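The sequence shown maps to residues -21 to -1, 1 to 484 in mature numbering (1 follows the signal peptide of the UniProt record, and there is no 0).
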Amino acid sequence: MMILIFFALLCLLSHLPPTISLDHQRFLDVTDNNVKSENDLLALYWKWISIYRPNDYNFPNNILVDSQSEKLFTKRYDTFKHNVRLIHAHNKRSDGITYNLGLNKFADLSDDEFRAIYSTGLPQKILEQERREEKIKHKFTHGNSSSNCCQARWTGGKKEQSLVCWAFAAVAATEGINQIRTGKLISLSEQELIDCDRGINVGCGGGLMAYAYEFIVKNGGISSERDYPYLAADNDCDLQKKNLPVVKIDGYEKVPKNSGDALMKAVANQPVSVAIEAAGHDFRFYKEGVFSGDCGTSVDHGVTVVGFGETSEGLEYWIVKNSWGANWGENGYVRMQRNDEMKGLCGINTLASYPVKSTHSSARMTMVVFIFFGILCLIPPLPCTSSEPNHAIVLEVTDEDVKSENNLLTLYSKWLSIHRPNGYNCQKSNLNLQQENIVMKRYGIFKDNVRTGEFRAAYTGLHHKLIGEKKRTEIKQRVVHRNKSVPLPTSVDWREMGAVTSVKD
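Structure representation (structure tokens):
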């Protein structure tokens, strides 16, 4: 009987366009009329199918393409009805609920199916290994040591992922820090991580963001999405594409666990990858508002925090970029409540990490190194090849020294000519990449210590004049995380500052 009703509705509605753009129909709202009767629910299911499963049906002939059995159809429809009723009941509540739910592409998936496809991207085996491994320290820097399993669904032309959330979260954070450091927002390749990062991460079988950052460092960078596009499947590593890195990072750091304040300080500097528990019903069907729903802290899904803020009612939240497509949540994002719980809502404070990038792009790095050596060789009367360092000379740091990058480079060159006279050869015009990295790494440390006064005179030969609290706020954003004297802003949105790519097509 149910099948007869279904096909009657199918015939009556067959004049509808075969596809409805999800750009204009992200969610189906559930009204009181939708749940009045079985026929109303069945009509809603058909409308949902016409949007999210249009290719399952032959519209001119009104028949099932796959000749699905009545048993399978009944199972899907029963799951759909269950989810519709839960969504309707939630949205009817009037007890201070701060978010709404809606029917999206997950509506006919059971809880077990959803978890298997979308929320096991952080396998417990890898999570346990991450906890055990001592080689992954709080900070990692360079020098430390094809099955179609993704089952990604394509709807409305938007790309989404299933068990490769870790790759999307790591890439989003890397795109962010690269834009902050270089001014260039480059869409990077998740597929390279899926195919090539096979030390501990296992492609479509899951992984962790920290290991992805380690791979990027050891690989000498990561390719662009244009050069190594997303295919939604495990493939053999394409070595030719892998060896075309366009963005490099110096390492990564882990945010101290179970600290919302530490996470907030990190996000004030850059987008940060985090792990959350995402298998719950409310999170799955989140539509809009500040999510404060029921969820545990057994993290199973990687996402990226790209900001934080506060509503006009004073409700504080994180701005989180998900990877379930632009037609989920608020155009692919969720605002998650910030609370005082140690692990945070859905465990958001438990496994946060971010890439570190103190160097510039290769071209910019080469230019800085060129300027550096030019300054080093021109400084009179200090010779470039003095035989012994003169530790008796103490350089003072003035306001003028920290006004610009060129002034800092000049000071560093002068310091080197005194304290590291044999470290560099002024006649050397062509540095290899490793030498450039060493120069810029040492220079980055030098700048931080000049500005924050962390060098000890016994080791560096620098005498630091107090620059004052106002000057401290001029320190690069990555220093704010470590400088408790700098007040945090009340809101940050890295999307508005151009450091976040859009949901990818």
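Quick reminder that beta carbons are idealized off the backbone N, C-alpha and C, glycines included.
Every value quoted in this text rests on a predicted model; they were computed, and no experiment measured them.
Local conformation of residue i per DSSP, three classes
i      : result
LYS300 : strand
PHE147 : helix
SER392 : helix
PHE336 : The sequence shown places Lys at residue 336, rather than the Phe named in the question. Note: LYS336 maps to coil in three-state DSSP.
GLY75  : coil
TYR31  : helix
GLN170 : helix
GLN158 : helix
PHE6   : coil
ARG55  : helix
GLU309 : strand
ARG177 : coil
GLU49  : helix
GLU292 : coil
LEU20  : helix
ARG263 : helix
GLU375 : strand
ALA191 : helix
GLY186 : coil
ILE93  : Correcting the residue type first, residue 93 is Phe in the shown sequence and not Ile. Here PHE93 sits in helix by DSSP.
ILE66  : helix
ASN12  : helix
ALA245 : helix
LYS84  : coil
ASN385 : helix
Sequence-distant residues of the same chain with beta carbon closer than 6 Å to residue i, five excluded per side
i      : result
ASN13  : ASP19, LEU23
ILE66  : VAL9, LEU80, PHE264
ILE156 : GLN249, PRO334, LYS336
ASP380 : ASN386, LEU390
PHE270 : TYR78, VAL313, MET315
ALA241 : VAL234, PRO235
LEU210 : GLN170
SER166 : GLU204, THR480
THR58  : ASP87, SER89
ILE159 : GLN249, ALA478
GLY182 : ILE173, ASP213
CYS216 : ASP174, CYS175
GLU295 : GLU289, ARG317
SER332 : MET188, ALA189, TYR231, LYS233, SER252
HIS69  : LEU80
GLY268 : THR77, TYR78, ASN79
Spatial distance of residue i from residue j (CA atoms)
i      : j      : result
PRO468 : THR53  : 52 Å
VAL284 : GLY326 : 13 Å
GLY184 : VAL63  : 31 Å
GLY281 : TRP394 : 44 Å
GLU92  : ASP319 : 32 Å
ASP279 : GLU232 : 20 Å
GLY308 : LYS60  : 21 Å
LYS300 : LYS15  : 36 Å
ASN214 : ASP74  : 49 Å
THR161 : GLY200 : 15 Å
PHE194 : ILE228 : 10 Å
ASP176 : TRP145 : 11 Å
ASN237 : GLY275 : 14 Å
LEU142 : GLU49  : 30 Å
ASP11  : GLU17  : 13 Å
GLY323 : ARG72  : 24 Å
VAL376 : LYS244 : 28 Å
TRP27  : LEU218 : 42 Å
VAL482 : GLU154 : 13 Å
GLY311 : LEU51  : 30 Å
Chain-order list of residues whose beta-carbon lies under 7 Å from that of residue i (same chain, five-residue window excluded)
i      : result
VAL246 : VAL284, GLY286, PHE287, VAL471
ALA149 : LEU172, MET188, ALA191, TYR192, SER252
ARG55  : ASP87
LEU330 : VAL253, ALA254, VAL278
GLN273 : Here residue 273 turns out to be Asp, not Gln, going by the sequence shown. Cβ neighbours of ASP273 beyond the five flanking positions: GLY259, ASP261.
PRO466 : none
ASN83  : PHE6, PHE264, ASN306, TRP307
Counterpart residues of residue i in DSSP-defined beta bridges
i      : result
HIS280 : ILE255
ASP380 : Partner(s): none; ASP380 has no beta bridge.
ASP472 : GLY286
GLY268 : TYR78
GLN316 : TYR296
8 Å CB neighbourhood of residue i in its chain, flanking five on each side removed
i      : result
ASP206 : SER168, LYS220, LEU223, VAL225
- 4-residue-minimum alpha helix (DSSP H) runs that sit fully inside the stretch 194 to 241, ordered along the chain: Scanning the stretch 194 to 241 from its first residue to its last, the whole alpha helix (DSSP H) runs of 4-plus residues come out as 218 to 221.
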